[in-house]
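The listed protein sequences derive, respectively, from chains W and Y. Residue numbering for the first sequence follows this note's numbering, beginning at 18 and increasing consecutively. Residue numbering for the second sequence follows this note's numbering, beginning at 18 and increasing consecutively.
Number of protein chains: 2
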Amino acid sequence: MKTSESRYRQCMYFASNALARKMEKLASENWAKVDLSPSHAYLLMIAIEEPGVQPGKLAGELQLKPSTVTRLLEKLEDKKLVVRITEGKNTNVYATPKGQELLPVLKRCVDDFYQGYAHILGPNEGANMLSSMNKLSDALPE
Amino acid sequence: MKTSESRYRQCMYFASNALARKMEKLASENWAKVDLSPSHAYLLMIAIEEPGVQPGKLAGELQLKPSTVTRLLEKLEDKKLVVRITEGKNTNVYATPKGQELLPVLKRCVDDFYQGYAHILGPNEGANMLSSMNKLSDALPE
DNA sequence: GCATTTCATTTGTATATGCAAATATATTTT
DNA sequence: AAAATATATTTGCATATACAAATGAAATGC
């Protein structure tokens with residue numbers, strides 16, 4: 018059912034949740050090619066490009082909580098795509114060779130994903146929306 | 018951490034998820050006053066204003082799946098705020114008197130919620146964003 | 001130098017939601 | 001009218017994520 022049939026279209030709560038779920042689905046299908054969830058894939062990409070990143074930094078970059086990053090890393094470690102090396106209170110994350118090999122495919126996925134939705138709004142409207150979304154996100158309390 | 022520190026700001030996946038979570042949080046805190054989640058609250062409001070609505074219609078209006086609506090209704094029924102009456106393959110949802118009493122408070126919550134974020138973007142930018150979000154949502158596959 | 005506070009990460013538990021299959025009724029076809 | 005199909009709802013299970021408390025290590029105060 019199209020949202021246009023709903024009186025709740027104008028409610029930011031349902032609109033933002035609905036959009037997030039649609040994007041989640043599009044992204045999941047896209048990264049299924051490499052058998053990773055979108056979050057796992059982005060995490061791996063950062064670990065490849067920034068060897069030794071720490072979970073806290075990853076959480077900040079991906080706008081996730083540290084506990085969520087821990088869970089994502091566990092799975093990537095199970096798959097032998099990254100290793101965690103803990104020293105004192107910090108832990109460093111490194112992509113394994115097997116993980117590093119994926120970089121080209123991962124980058125292609127990023128592109129494909131973008132192609133999957135970019136045409137709908139076009140560059141202008143898309144950029145404006147993104148900018149407003151970030152502005153609103155940033156202004157809302159942690 | 019502000020998203021401005023992240024290279025992934027421009028990725029619609031993380032932007033839309035981050036925004037949805039922020040809105041979820043704002044909305045949850047807001048409707049905690051009546052001890053309901055935002056979805057439960059909206060569902061109840063529709064049931065009050067549209068006596069006999071069916072779960073499928075509710076799902077359409079709130080952009081949720083029927084199975085999710087079933088779960089929401091179970092909880093509202095537990096709290097004696099609605100009743101479900103099944104006839105044949107359809108079921109009709111009615112707010113109980115106890116549920117109906119809440120209407121004024123619920124409407125005030127809707128207002129408060131709106132006040133909680135509307136000032137950040139202002140009416141113009143806010144409306145544009147909402148319109149783009151819906152346009153994108155609608156265009157993405159079910 | 002021991003005690004306290006701070007910081008980074010992890011663990012246990014909870015929420016919101018979806019998908020796919022099951023159920024149960026209604027409608028259409030033959 | 002029996003069989004096939006369509007529709008509405010519910011149930012079982014899975015995913016993505018967060019919060020709060022626990023852990024463990026480092027830094028600071030006295």
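The beta-carbon is built from N, C-alpha and C at its ideal position, and this holds for glycine as well. Remember, predicted model here, so these are calculated numbers, not experimental data.
CB contact flag (residue i, residue j, <8 Å)
i, j, result
"W/G133", "W/L43", "yes"
"W/A58", "W/L123", "yes"
"W/S33", "Y/M150", "yes"
"Y/K39", "W/L157", "yes"
Where residue i sits in the DSSP three-state scheme
i, result
"Y/T103", "strand"
"Y/Y154", "Going by the sequence as given, residue 154 of chain Y is Ser instead of Tyr. Helix."
"Y/L81", "coil"
"W/E118", "coil"
"Y/S148", "helix"
"W/L93", "helix"
"W/E159", "coil"
"Y/L98", "coil"
"Y/L53", "coil"
"Y/Q132", "helix"
Separation of residue j from residue i, as counted between CA atoms
i, j, result
"Y/L119", "Y/E46", "17 Å"
"Y/L79", "W/C28", "10 Å"
"Y/L153", "W/H136", "10 Å"
"W/W48", "Y/N109", "40 Å"
"Y/R125", "W/E41", "32 Å"
"Y/S54", "Y/K92", "11 Å"
"Y/K50", "W/S84", "28 Å"
"W/T87", "W/T113", "17 Å"
"Y/K106", "Y/L75", "16 Å"
"Y/G69", "Y/G77", "15 Å"
"Y/S56", "W/E142", "29 Å"
"W/N145", "Y/I102", "46 Å"
"W/Y30", "W/D129", "28 Å"
"W/Y25", "W/L147", "22 Å"
"W/Q71", "W/Y131", "27 Å"
"W/E159", "Y/E104", "46 Å"
Bridge partner(s) assigned by DSSP for residue i
i, result
"Y/T108", "Y/T103"
"W/V127", "Answer is none; W/V127 lacks a bridge partner."
"Y/V70", "Y/V110"
Residue i beta carbon near the ligand HEM (any heavy atom closer than 7 Å)
i, result
"W/E41", "Inclusion of the ligand HEM in the displayed structure is not the case, the ligand content being empty and no account of it being possible."
Closest Cα partner of residue i within the set the options
i, options, result
"W/K97", "W/K74, W/E104 and W/Y111", "W/Y111"
"Y/L89", "Y/P114, Y/L60, Y/G77 and Y/N151", "Y/L60"
"W/G73", "W/E66, W/K82 and W/E67", "W/K82"
"Y/E67", "Y/V99, Y/G143, Y/Y25 and Y/Y131", "Y/V99"
"Y/L138", "W/G139, W/V127, W/D155 and W/L138", "W/D155"
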